[in-house]
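Engineer:
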Amino acid sequence: MKRTPHFTWDDLQFFLAVARTGQLSTAARQLRTSHATVSRRIDRLEFALKVKLFERNPRGYMLTGMGQRFVDTAERMEQETERLRTDLSTGSAAQGGVVRISAPEGFSNFFFTGVLPEFTAKHPNISLELITIQQIMSLSRKEADIVVVLDPPKAGPYFTEKLTDYHLQVYGSRDYLTRHPPIESRDDLPDFTFIGYIEDMIFAPGLDYLDDVHPRIRPQFQSSSIFAQLTATKNGQGLCVLPFFIAGKHPDLQVVLPHEVDLRRHYWITCHRDLRQSPRVRTVIDFLAEAVRKNAPAFLGPWRKTEN
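Taking this note's numbering, the leading residue of the sequence shown gets 18, the next gets one more, and so forth.
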């Protein structure tokens with residue numbers, strides 16, 4: 018008699034952890050177990066299903082075509098399991114787990130980390146992983162559960178919601194502005210030292226804004242880090258385009274041409290549509306949306322109304 022393949026829900030959790038991270042060691046840390054246990058569970062699942070789910074190579078575990086198809090099935094089972102746990106439980110214990118978030122450095126360091134204590138107090142059973150590297154993390158490859166972006170995905174199976182507008186202006190330190198001639202119009206700006214992003218490392222079109230200030234501006238100091246740009250500006254290195262929610266916290270910085278130069282950008286939050294119903298993912302999205310709403314003046318500055 019032909020035996021029916023047998024595997025447990027635990028095996029699927031191990032499979033999803035490896036599928037989302039591509040690494041046994043990272044999956045093991047998330048699952049709080051050993052590298053060997055994760056490997057053994059994956060081998061057992063492949064044996065039970067009689068299919069190869071991963072290609073093993075020196076860079077990690079890559080999903081096969083069948084493995085990618087199996088991800089969709091396993092995630093649906095994960096969602097149903099979490100819904101059931103929510104129905105059977107009360108309180109935050111039903112919403113436990115790890116949520117990986119990818120967000121720009123500015124949003125992460127100058128806003129998100131500031132509201133983390135409130136999140137932890139409300140949801141102690143949810144562990145957060147925050148990625149701030151300068152690139153777009155792939156939702157389709159499960160590199161992140163939630164992504165905060167400046168430019169939302171144009172297509173695909175994604176849930177996307179606008180978090181907020183935010184405004185940017187040209188700033189300089191008071192010392193720098195005192196040591197240089199007055200700036201009377203936008204056409205004066207190319208004559209001043211500017212700080213900006215490294216052009217060929219700009220990972221989002223929304224960060225390519227110097228041309229919007231003046232097409233002849235060429236930055237003399239460039240960095241992929243907004244924190245480095247802020248520090249250089251505070252140290253009197255030159256002028257820099259900075260978000261109000263970052264620069265507004267530093268009284269030693271002064272707005273240049275406040276009524277003439279104003280840029281508006283947006284933050285969006287997005288996740289794979291299948292994960293939108295995951296209780297832990299939904300909890301993080303809802304918290305972030307509410308936290309941004311409560312802190313709207315920090316993002317909008319003198320401009321109080323968001324524009325849709």
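A virtual CB, placed ideally from N, CA and C, is assigned to each residue, including glycine.
So, is residue 82 buried or exposed, given that buried needs 16 or more other C-beta atoms within 10 angstroms?
Structural biologist: The sequence position of residue 82 within the sequence shown is 65, counting from 1. Looking at its Cβ environment, which holds fewer than 16 other Cβ atoms inside 10 Å, residue 82 is exposed.
Engineer: From the DSSP output, in three-state form, read off residue 242 for me.
Structural biologist: Position 225 of the sequence shown, counted from the start, is the residue given in the question as residue 242. Reduced to three states, the DSSP call for residue 242 is coil.
Engineer: Measure the C-alpha to C-alpha separation of residue 45 and residue 36 and round it to an integer number of angstroms.
Structural biologist: Translated into the one-based positions of the sequence shown, residue 45 becomes position 28. Translated into the one-based positions of the sequence shown, residue 36 becomes position 19. Answer to the nearest angstrom: the Cα atoms are 12 Å apart.
Engineer: To which residues does DSSP link residue 63 through a beta bridge?
Structural biologist: Residue 63 sits at position 46 when you count from the first residue of the sequence shown. BP columns for residue 63 are empty, so no partner.
Engineer: Using a 10 Å radius around the Cβ and a threshold of 16 neighbouring Cβ atoms, would you call residue 178 buried or exposed?
Structural biologist: Counted from its first residue, the sequence shown places residue 178 at position 161. Under this definition residue 178 is an exposed residue.
Engineer: Which residues mark the beginning and the end of the alpha helix (DSSP H) in which residue 173 is found?
Structural biologist: Translated into positions along the sequence shown, residue 173 becomes position 156. Counting along the chain, residue 173 falls outside any alpha helix (DSSP H), and DSSP gives it neither H nor E.
Engineer: With H, G and I counted as helix, E and B as strand and the rest as coil, what does DSSP make of residue 33?
Structural biologist: Here the question's residue 33 lines up with position 16 in the sequence shown. In this structure, residue 33 counts as helix in the three-state DSSP scheme.
Engineer: Expressed to the nearest angstrom, what Euclidean distance is found between the alpha-carbon atoms of residue 91 and residue 303?
Structural biologist: Numbered from its first residue, the sequence shown carries residue 91 at position 74. Numbered from its first residue, the sequence shown carries residue 303 at position 286. Going by the C-alpha atoms only, they are around 24 Å apart.
Engineer: Looking at the unbroken alpha helix (DSSP H) that takes in residue 296, where does it start and where does it end?
Structural biologist: Here residue 296 is taken as the residue at index 279 of the sequence shown, counted from 1. Its alpha helix (DSSP H) spans residues 296-311.
Engineer: Let's see if you can read the secondary structure: which residues bound the alpha helix (DSSP H) around residue 263?
Structural biologist: In the sequence shown, counting from the first residue as 1, residue 263 sits at position 246. Counting along the chain, the alpha helix (DSSP H) containing residue 263 begins and ends at 261-264.
Engineer: Below 7 Å between beta carbons: does that hold for residue 250 and residue 212?
Structural biologist: Your numbering for residue 250 matches position 233 in the sequence shown. Your numbering for residue 212 matches position 195 in the sequence shown. A contact, by the Cβ cut-off of 7 Å.
Engineer: Compute the distance between the beta-carbons of residue 396 and residue 255, then report whether it is under 7 Å.
Structural biologist: Residue 396 cannot be examined here, being either before or after the span of the chain that is shown, 18 to 325.
Engineer: Span of the beta strand (DSSP E) holding residue 72?
Structural biologist: The count along the sequence shown starts at 1 and reaches residue 72 at position 55. 71-74 is the extent of the beta strand (DSSP E) around residue 72.
Engineer: Would you grab the beta carbon distance between residue 167 and residue 223 for me? Rounded to a whole angstrom, and I think it's under 8 Å.
Structural biologist: Walking along the sequence shown from the start, residue 167 turns up at place 150. Walking along the sequence shown from the start, residue 223 turns up at place 206. That belief holds up - the Cβ atoms of residue 167 and residue 223 are roughly 3 Å apart, short of 8 Å.
Engineer: Which of helix, strand or coil does DSSP assign to residue 237?
Structural biologist: Taking the first residue of the sequence shown as 1, we reach residue 237 at position 220. Here residue 237 sits in coil by DSSP.
Engineer: Just to confirm the assignment, what range does the beta strand (DSSP E) spanning residue 144 have?
Structural biologist: Counting from one through the sequence shown, the residue named residue 144 turns up at place 127. Per DSSP, residue 144 belongs to the beta strand (DSSP E) from 143-148.
Engineer: Should residue 47 be labelled buried (16 or more other beta-carbon atoms within 10 Å of its own) or exposed?
Structural biologist: On the sequence shown, residue 47 is found 30 positions in, with the first residue counted as 1. So residue 47 ends up on the buried side.
Engineer: For residue 243, is the classification buried or exposed, using 16 other Cβ atoms within 10 angstroms of its Cβ as the cut-off for buried?
Structural biologist: For the purposes of this step, residue 243 is taken as the residue at position 226 of the sequence shown. Buried, since its Cβ has 16 or more Cβ neighbours within 10 Å.
Engineer: Locate the alpha helix (DSSP H) running through residue 202, then write down its first and last residues.
Structural biologist: Residue mapping note: residue 202 aligns to position 185 of the sequence shown, counting from 1. Per DSSP, residue 202 belongs to no alpha helix (DSSP H) and is neither H nor E.
Engineer: How is the beta strand (DSSP E) around residue 281 delimited, first residue to last?
Structural biologist: Stepping through the sequence shown from its first residue, residue 281 is reached at position 264. For residue 281, the uninterrupted beta strand (DSSP E) run begins and ends at 280-289, by DSSP.
Engineer: For the beta strand (DSSP E) that contains residue 326, what are its first and last residues?
Structural biologist: Because the chain here runs from 18 to 325, residue 326 falls outside it and cannot be looked at.
Engineer: Helix, strand or coil for residue 188, going by three-state DSSP, please let me know.
Structural biologist: Taking the first residue of the sequence shown as 1, we reach residue 188 at position 171. The answer is strand: DSSP assigns residue 188 an E or B state.
Engineer: DSSP three-state call for residue 95: helix, strand or coil?
Structural biologist: Working through the sequence shown from its first residue, we reach residue 95 at position 78. Helix, per DSSP.
Engineer: Considering only residues of the same chain and omitting the five flanking positions on each side of residue 285, which have a CB-CB separation below 8 Å?
Structural biologist: Residue 285 sits at position 268 when you count from the first residue of the sequence shown. Within the same chain, residue 285 has close Cβ partners 165, 166, 167, 168, 169, 177, 178, 179, 180.
Engineer: Can you look up residue 178 in the DSSP assignment and give me helix, strand or coil?
Structural biologist: Along the sequence shown, one-based indexing puts residue 178 at 161. Residue 178: strand per DSSP, three-state reduction.
Engineer: Which residues in the same chain have their Cβ closer than 6 Å to the Cβ of residue 246, if we skip the five residues on either side of it in sequence?
Structural biologist: Translated into the one-based positions of the sequence shown, residue 246 becomes position 229. 212, 240, 257.
Engineer: Do residue 118 and residue 150 have their CB atoms nearer than 7 Å?
Structural biologist: On the sequence shown, residue 118 is found 101 positions in, with the first residue counted as 1. On the sequence shown, residue 150 is found 133 positions in, with the first residue counted as 1. No. Outside cutoff.
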